[in-house]
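Residue numbers for the sequence shown follow UniProt numbering, so the first one is 1 and each next one is one higher.
The block underneath contains the structure these notes are about, expressed in structure tokens.
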Amino acid sequence: MSHTVVVRPVRDVDSEELGRVQAACWHETYDHLVSEAALTRLSPKRMAELWIHYAGLGPEYSHVALLVDGEIVGFAGAGPSRDPELPDTRELYFVYLRHEFHGQGLGQRLFDAVIDPGPAFLWVAKDYPTAHHFYERNGFRLDGAEHIEPFLGEQIHEVRFVR
1 MSHTVVVRPV RDVDSEELGR VQAACWHETY DHLVSEAALT RLSPKRMAEL WIHYAGLGPE
61 YSHVALLVDG EIVGFAGAGP SRDPELPDTR ELYFVYLRHE FHGQGLGQRL FDAVIDPGPA
121 FLWVAKDYPT AHHFYERNGF RLDGAEHIEP FLGEQIHEVR FVR
């Protein structure tokens with residue numbers, strides 16, 4: 001069965017659906033990194049409020065949604081650096097895709113929609129080898145920088161990839 005796949009800019013009206021998808025993706029992605037108690041504090045409504053904020057950012061920001069048969073199943077975002085060590089480099093903020101859609105090239109489509117082939121960087125959980133392999137396939141390498149990121153009242157150890 002053939003599916004219709006579309007990657008398009010995020011719209012204001014997507015915020016509620018994106019909130020639900022983001023909450024689901026975080027459960028799928030971070031279940032081995034933070035406690036179940038932290039994940040139960042996730043609020044799709046709060047996630048939706050974040051997406052309303054993202055939609056109002058300027059043109060230097062890219063936020064896209066990936067739809068399969070009209071339903072949002074993934075999203076990606078990139079924009080100006082938030083890292084003082086790499087002030088003039090584009091930052092990939094996130095790429096999330098529901099696990100049931102992994103392995104079909106859809107994550108690559110999300111990535112390609114927000115990051116050009118030039119210099120870029122991102123932070124990712126240190127204990128997330130699947131993501132590490134994805135970014136390495138896209139020309140990124142670890143640069144040795146690490147930090148602890150607050151996440152849902154807990155902490156995630158992150159490493160920086162650069163290209």
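Beta carbons: idealized from backbone N, C-alpha and C, even for Gly.
For clarity, every value in this text was computed on a predicted model and none was experimentally measured.
- Rounded to whole angstroms, the gap between the alpha carbons of THR89 and HIS53 is 22 Å.
- No Cβ-Cβ contact shorter than 9 Å links ALA125 with VAL73.
- With 16 or more other CB atoms across the displayed protein chains lying within 10 angstroms of its CB, VAL21 is buried.
- Annotation for MET47: LEU18, GLY19, ARG20, GLN22 and ALA23 place their beta carbon closer than 8 Å to its own, counting only its chain and skipping 5 residues before and after.
- In this structure, the alpha-carbon of HIS132 lies about 27 Å from that of GLU71.
- Our two residues, ASP12 and ALA65, have alpha carbons roughly 12 Å apart in a direct line.
- For ASP143, the uninterrupted beta strand (DSSP E) run begins and ends at 141 to 151, by DSSP.
- Annotated as distal: ASP116 and HIS32, with beta-carbon spacing of 9 Å or more.
- In this structure, TYR93 sits near GLY77, with a CB-CB distance shorter than 9 Å.
- Distance from the CA of VAL7 to the CA of VAL95, rounded to the nearest whole angstrom, comes to 13 Å.
- GLU28: not part of any beta strand (DSSP E); member of the alpha helix (DSSP H) spanning 15 to 30, first to last residue.
- The beta-carbon distance between PHE151 and VAL34, rounded to whole angstroms, is 6 Å. This is short enough to meet the 8 Å contact definition.
- Closest in alpha carbon position to PRO87, among PHE161, GLY139, SER15 and PHE121, is PHE121.
- Nearest neighbour of THR29 by Cα position, chosen from HIS99, GLY144, PHE140 and GLY58, turns out to be HIS99.
- Ranked by how close their Cα comes to the Cα of ILE148, the residues TRP123, GLU136 and ARG163 have TRP123 in first place.
- Between the alpha carbons of ARG82 and GLU91 lies a gap of roughly 7 Å.
- Taking 9 Å as the cut-off, the beta carbon of VAL5 is found no closer than this to the beta carbon of LEU142.
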